[in-house]
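**Student:**
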Amino acid sequence: MREGLDRIAAAMRADEWGVAEEAGLTPTQLHALTFVAGRGDAGMRLRAVAEHLGVTQPTATDSIAALVRKGLVIKLPDAQDKRAVAIRVTQAGCDVVRAIGLAMTSAERALETLSPQEQQTLLDLIIKTIRALQQAKAIPPQRLCVTCRHFRPYAHEDAELPHHCALVDAAFGGRHLRLDCAEHDPAPQPAREAAWSLFARRAPEPAGPGA
Ligand code: SF4
1 MREGLDRIAA
11 AMRADEWGVA
21 EEAGLTPTQL
31 HALTFVAGRG
41 DAGMRLRAVA
51 EHLGVTQPTA
61 TDSIAALVRK
71 GLVIKLPDAQ
81 DKRAVAIRVT
91 QAGCDVVRAI
101 GLAMTSAERA
111 LETLSPQEQQ
121 TLLDLIIKTI
131 RALQQAKAIP
141 PQRLCVTCRH
151 FRPYAHEDAE
161 LPHHCALVDA
171 AFGGRHLRLD
181 CAEHDPAPQP
191 AREAAWSLFA
201 RRAPEPAGPG
211 A
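First residue of the sequence shown? That's 1 in UniProt numbering, and the numbers climb one at a time after it.
Dropping the structure here:
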């Protein structure tokens, strides 16, 4: 399984290089830009950018400096702490992120060949794996539906739209579970565990060794 994931990751990295190159960015700059853009007007501290990217603070500093020079992000005093700096996306940065989002990569085209049910199963397994990585503190906290205070798993009998987002008061389907939602609000631990056990009971189990 590991070799398979390595191949998919390699294809996705190649995709990212292509998309980043077209936008005149390095892959790290591209990740930093999309991360900051996803945080909206509040902006992000440099340390959070470095944590999210899994790089050192000097590497994140270099990437942000390049994005500032290109006019894609700006540095402003942080609203919570005037001594600190927040990094915020500019309109030009938003335009680049939107254009990148519209470009379909070869990995996405490959995923499109899966049936809707297979795509949903894959997403459930990815969510389980990301959560396990998060629990092990191997990655920083992610803004997943399954850890959000607004998430109500399997609140509806409708097989197409079983989940509910209390923030927008609407049902949504398993294929639309978010991995990085701008409106994510972390649930308190007991509520998070309760929601997870309800979700995990009905989501598919990851395949065992040798699968
Ligand atoms: S606010 Fe976002 S993360 Fe939270 S349940 Fe709704 S869609 Fe999911």
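By construction, the Cβ of each residue, glycine as well, lies at the ideal position given by its N, Cα and C atoms.
Under three-state DSSP, which class holds R88?
**Tutor:** It is a strand residue.
**Student:** Please write down, chain order preserved, every residue whose beta carbon lies under 5 Å from a heavy atom of the ligand SF4.
**Tutor:** Listed along the chain, these residues meet the criterion: C145, C148, H150, F151, C165, L167, R178, C181, E183 and H184.
**Student:** Do you know how far the Cα of A138 is from the Cα of R201?
**Tutor:** The alpha-carbon atoms of R201 and A138 are separated by roughly 24 Å.
**Student:** Can the beta-carbon of E183 be found closer than 8 Å to that of G173?
**Tutor:** No, Cβ-Cβ distance for E183 and G173 is not below 8 Å.
**Student:** Do you know how far the Cα of L144 is from the Cα of E112?
**Tutor:** Cα-Cα distance, rounded: 22 Å.
**Student:** Is it right to say E16 is buried, meaning 16 or more other beta carbons lie within 10 angstroms of its own, or is it exposed?
**Tutor:** Buried.
**Student:** Alpha carbon to alpha carbon, how far is A211 from L177?
**Tutor:** Low per-residue confidence applies at A211: pLDDT is 41, beneath 50, and the placement is therefore not dependable, though the value from the model is reported in the following sentence. Cα to Cα, the separation comes out at about 25 Å.
**Student:** Could you work out which residue in P190, A195, D62 and V68 is closest to A155 when comparing CA atoms only?
**Tutor:** Answer by Cα proximity: A195.
**Student:** Please state whether the Cβ-Cβ distance between V49 and V36 is less than 8 Å.
**Tutor:** For V49 and V36, yes; Cβs fall inside 8 Å.
**Student:** Go through its chain and collect everything with a Cβ distance to P140's Cβ below 7 Å, but skip five positions before and after it.
**Tutor:** Cβ neighbours of P140 beyond the five flanking positions: E51 and H52.
**Student:** Within a Cβ cutoff of 6 Å, which residues of the same chain sit near H150, ignoring the five residues on either side of it in sequence?
**Tutor:** The answer, listed in chain order, is C165, A166 and L167.
**Student:** Since L123 and P153 are thought to touch, with beta carbons under 8 Å apart, how far apart are those beta carbons, to the nearest angstrom?
**Tutor:** About 14 Å separates the two Cβ atoms, so there is no contact after all.
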